[in-house]
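S.K.: In this note's numbering, each residue's number is its place in the sequence shown (first place is 1) plus 8. Cβ atoms here follow ideal geometry from the backbone N, Cα and C, with glycine treated the same way.
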Amino acid sequence: MVFTSLIASEDSWQLVCSQGTLRYRYTATGRPMANLLSYKAAIDRGGCLHVIVTLADGRLIYARWRGSRWESSGLPVNGTVLDLSLDTCGRPHLLLSGAPGAEIYHLYRSENAWRRQVLPFRLTGPPLVLKPLPRDRLFLAGHYTTRERGHVFLTVYSPTTGWQEPRALQATGPEEKIYGYWYQGCLYFLSWRKQEPGYGLYLNLVDPARDNLESLSLGALSDPPDDQPVLVGRDDTRLFLWTSSSRLAFCFSRDSGRTWSPPQSAYFFFPARIKRVEGPDGPSTWQVAFTKISGLEPDWPLLIDFDPLFSLCKAVLVNPVTEGSFWKQ
Numbered sequence: 009m010v011f012t013s014l015i016a017s018e019d020s021w022q023l024v025c026s027q028g029t030l031r032y033r034y035t036a037t038g039r040p041m042a043n044l045l046s047y048k049a050a051i052d053r054g055g056c057l058h059v060i061v062t063l064a065d066g067r068l069i070y071a072r073w074r075g076s077r078w079e080s081s082g083l084p085v086n087g088t089v090l091d092l093s094l095d096t097c098g099r100p101h102l103l104l105s106g107a108p109g110a111e112i113y114h115l116y117r118s119e120n121a122w123r124r125q126v127l128p129f130r131l132t133g134p135p136l137v138l139k140p141l142p143r144d145r146l147f148l149a150g151h152y153t154t155r156e157r158g159h160v161f162l163t164v165y166s167p168t169t170g171w172q173e174p175r176a177l178q179a180t181g182p183e184e185k186i187y188g189y190w191y192q193g194c195l196y197f198l199s200w201r202k203q204e205p206g207y208g209l210y211l212n213l214v215d216p217a218r219d220n221l222e223s224l225s226l227g228a229l230s231d232p233p234d235d236q237p238v239l240v241g242r243d244d245t246r247l248f249l250w251t252s253s254s255r256l257a258f259c260f261s262r263d264s265g266r267t268w269s270p271p272q273s274a275y276f277f278f279p280a281r282i283k284r285v286e287g288p289d290g291p292s293t294w295q296v297a298f299t300k301i302s303g304l305e306p307d308w309p310l311l312i313d314f315d316p317l318f319s320l321c322k323a324v325l326v327n328p329v330t331e332g333s334f335w336k337q
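1. In the structure shown, what three-state DSSP assignment does Cys321 receive?
2. For the stretch 179 to 207, which segments carrying the alpha helix (DSSP H) assignment without a break, of at least 4 residues, lie completely within its bounds, in sequence order?
3. Which residue's Cα is closest to the Cα of Trp78: Phe278, Ser253, Cys56, Tyr152?
4. Assuming Leu92 and Ala50 make a contact with CB atoms under 8 Å, what is their CB distance in whole Å?
5. What are the start and end residues of the beta strand (DSSP E) that includes Arg242?
6. Is Phe277 helix, strand or coil when you go by DSSP?
7. What does the alpha-carbon distance come out to for the pair Pro288 and Asp52?
8. Between Val61 and chain C, is any beta-carbon pair separated by less than 9 Å?
9. At the level of alpha carbons, what is the spacing between Arg281 and Leu311?
10. In three-state DSSP terms, what is Phe314?
11. DSSP state of Arg99, grouped into three classes?
12. Enumerated in chain order, which unbroken segments of the alpha helix (DSSP H) with a length of 4 residues or greater are wholly contained in the stretch 42 to 94?
13. Can you list, in chain order, the residues of its chain whose CB lies under 6 Å from that of Arg33, leaving out five sequence neighbours each side?
14. Taking Asn220 as part of the beta strand (DSSP E), name the residues at either end of that continuous run.
15. Please return the same chain residues whose Cβ sits closer than 6 Å to the Cβ of Gly188, not counting the five positions on each side in sequence.
16. Consult DSSP for Ser20 and reduce its assignment to one of helix, strand or coil.
17. Could you name the residues that DSSP lists as bridge partners for Pro291?
18. Which stretch, first to last residue, makes up the beta strand (DSSP E) that contains Arg246?
19. So for Thr299, helix, strand or coil by DSSP?
20. Assign Trp122 to one of three DSSP states: helix, strand, or coil.
21. Are three or more beta carbon pairs between the stretch 217 to 237 and the stretch 254 to 265 nearer than 8 Å?
22. What is the rounded straight-line gap between the Cα of Ser118 and the Cα of Arg99?
23. Go ahead and label Tyr275 buried or exposed: buried means 16 or more other beta carbons lie within 10 angstroms of its beta carbon, across all protein chains shown.
24. Looking at the ligand GDP, does it come within less than 8 Å of Val59, judged from the CB to the closest heavy atom?
25. Can you name the start and end residues of the beta strand (DSSP E) that Gly38 belongs to?
26. Assuming Val85 contacts Arg123 under a Cβ cut-off of 8 Å, what Cβ separation, rounded to an integer in Å, is found between them?
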């Protein structure tokens with residue numbers, strides 16, 4: 009294998025030649041944007057980048073990269089951006105909240121103008137899943153909690169009929185940390201429930217077409233995740249990865265999610281920090297972005313494919329000794 013890295017003041021090339029095939033990657037580095045608090049970004053199927061930026065003074069700016077230049081405009085309202093999604097035509101949709109407990113707005117782009125409507129339901133934080141469906145529709149899985157209890161619900165947005173009446177799916181505890189995923193037509197809800205000592209890890213699998221739910225107890229953990237876990241996989245294998253106190257942790261299934269290895273942590277890449285990789289079809293199911301690896305924080309995240317990560321997890325898995333366990337060797 010021959011590898012060459014060429015870096016100029018703003019742009020860079022990476023070239024790899026292996027077994028008679030030359031692969032290359034080009035990175036164009038733009039000018040930094042100052043005085044912002046946060047951003048949300050999405051990419052459409054044509055490779056166009058859409059960004060919602062929250063400036064230091066609270067204003068919201070929508071920007072779109074047109075291949076050689078930026079187009080930008082201000083949003084008609086301010087608030088906290090909960091999520092950003094693109095429909096199948098590449099039009100942006102964002103959910104925006106004001107003060108805690110206030111109404112949540114759905115803003116979308118239509119005929120070169122922003123339209124606004126109030127969501128007919130409440131959300132606690134960002135949606136668990138927000139993804140496009142055919143015919144410019146959106147699918148949303150949300151979580152709403154009060155002091156005593158919470159619940160997960162599903163709904164669909166249509167440009168002709170608006171948001172459907174939410175359908176309650178499962179009850180949750182008021183302090184339960186829950187994360188949602190859409191994987192091969194099914195929903196996965198991974199949750200940390202407080203128990204003494206530590207936390208119990210639970211997984212709910214939902215088939216939206218058949219309206220059925222399967223609940224699994226995966227094991228006990230001492231700490232919650234540092235950030236949202238990442239779900240990757242291939243064929244019948246599913247792998248959840250996350251970090252707790254900067255230490256990588258995992259659990260996996262080799263039978264399409266019916267049985268799972270016990271959750272456990274490992275010291276490879278410690279200390280580490282991971283993020284999911286986004287694409288036009290949602291989060292990537294075959295790559296994980298490391299923003300910190302072995303204590304190093306690279307300028308740009310390091311992307312690692314599913315295969316080497318799963319091989320490492322299999323190699324360090326400590327099998328339970330309970331009789332008859334699927335994972336007992």
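M.R.: In brief:
1. Here residue 321 corresponds to residue number 313 of the sequence shown, with the count starting at 1. If DSSP states are grouped into helix, strand and coil, Cys321 belongs with the helices.
2. none
3. Taking the sequence shown and counting its residues from 1, the one referred to as residue 78 is at position 70. Measuring from the Cα of Trp78, the nearest candidate turns out to be Cys56.
4. Locating residue 92 in the sequence shown gives position 84, counting from the first residue. Locating residue 50 in the sequence shown gives position 42, counting from the first residue. Sure, about 5 Å apart at Cβ, within 8 Å.
5. Translated into positions along the sequence shown, residue 242 becomes position 234. Residues 238 to 242.
6. Here residue 277 corresponds to residue number 269 of the sequence shown, with the count starting at 1. Residue state, collapsed to three classes: coil.
7. For the purposes of this step, residue 288 is taken as the residue at position 280 of the sequence shown. For the purposes of this step, residue 52 is taken as the residue at position 44 of the sequence shown. About 5 Å.
8. Protein chains in the displayed structure number just one, and chain C is not present.
9. Start at 1 with the first residue of the sequence shown, and residue 281 comes out as number 273. Start at 1 with the first residue of the sequence shown, and residue 311 comes out as number 303. C-alpha separation (whole angstroms): 12 Å.
10. The residue given as residue 314 occupies position 306 in the sequence shown. Helix.
11. Numbered from its first residue, the sequence shown carries residue 99 at position 91. Coil, per DSSP.
12. none
13. Your numbering for residue 33 matches position 25 in the sequence shown. Here the set comprises Gln22.
14. Start at 1 with the first residue of the sequence shown, and residue 220 comes out as number 212. Element bounds for Asn220: 220 to 229.
15. Numbered from its first residue, the sequence shown carries residue 188 at position 180. Same-chain partners within the cutoff: Leu136, Val137, Ala149, Phe197.
16. In the sequence shown, residue 20 corresponds to position 12, counting from 1. Residue state, collapsed to three classes: strand.
17. To locate residue 291, count along the sequence shown from 1; it is residue 283. Pro291 is bridged to Glu286.
18. Here residue 246 is taken as the residue at index 238 of the sequence shown, counted from 1. It spans 245 to 252 - the beta strand (DSSP E) in which Arg246 sits, taken as one unbroken run.
19. Working through the sequence shown from its first residue, we reach residue 299 at position 291. Strand, per DSSP.
20. Numbered from 1 along the sequence shown, position 114 holds the residue referred to as residue 122. DSSP places Trp122 in strand when its eight states are reduced to three.
21. yes
22. Residue mapping note: residue 118 aligns to position 110 of the sequence shown, counting from 1. Residue mapping note: residue 99 aligns to position 91 of the sequence shown, counting from 1. Roughly 8 Å between the two C-alpha positions.
23. For this step, residue 275 is matched to residue 267 along the sequence shown. Exposed, since its Cβ has fewer than 16 Cβ neighbours within 10 Å.
24. Among the components of this structure there are no ligands whatsoever, and the ligand GDP is therefore not found.
25. Taking the sequence shown and counting its residues from 1, one reaches residue 38 at position 30. Segment: none, Gly38 is in no beta strand (DSSP E) and carries neither H nor E.
26. Stepping through the sequence shown from its first residue, residue 85 is reached at position 77. Stepping through the sequence shown from its first residue, residue 123 is reached at position 115. Going by Cβ atoms, the distance from Val85 to Arg123 rounds to 12 Å, so no, they are not a contact pair.
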